[in-house]
Ligand SMILES: [Zn+2]
């Protein structure tokens, strides 16, 4: 039996893979309260739909693991694009693969050393 694989994917605009990140404009407008959570969500979902259309093979390759962890700077259980992205990955997995894919929610932050 192979070892369980875990992949940690940086989804931030600052240091992450751009195809899963929001844009700087979106982040700055949201932080400045120039766009609402709802507007940010709509923009991000549209951006990710375009991303999937342009990079379907990369999206599917990310799913080739036992556990995919989506990383961002936002604390657990706050508004963050990573939960939108998680939902999209689950939908992509169900639509395009025969994997049994489940969203496991947020992990608590590790204790500070
Ligand atoms: Zn975030």
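Numbering (the working numbering), first residue to last: 2 to 114. Here a beta-carbon is modelled for each residue, glycine too, at the ideal position from N, C-alpha and C. All values derive from a computational prediction rather than experimental measurement.
query: Selected residue, minimal CA-CA separation from residue 79, among 108, 112, 11; result: 108
query: Cβ pair residue 10, residue 69 closer than 9 Å; result: yes
query: Reference residue 46; option with closest CA among 15, 83, 73; result: 83
query: Residue 36 in three-state terms, based on DSSP; result: coil
query: heavy atom of ligand 1 below 8 Å from residue 90 C-beta; result: no
query: Residue 26 Cβ short of 8 Å to ligand 1 heavy atom set; result: no
query: Nonlocal neighbours in the same chain, by C-beta distance under 7 Å from residue 94, ignoring five residues either side; result: 64, 100, 102
query: Chain D contact for residue 7 (CB, 9 Å cutoff); result: Absent from the structure: chain D. Only one protein chain is present.
query: Endpoints, the beta strand (DSSP E) within which residue 8 is located; result: 7-11
query: Backbone CA spacing between residue 32 and residue 71 [nearest angstrom]; result: 21 Å
query: Range covered by the alpha helix (DSSP H) that runs through residue 61; result: 57-63
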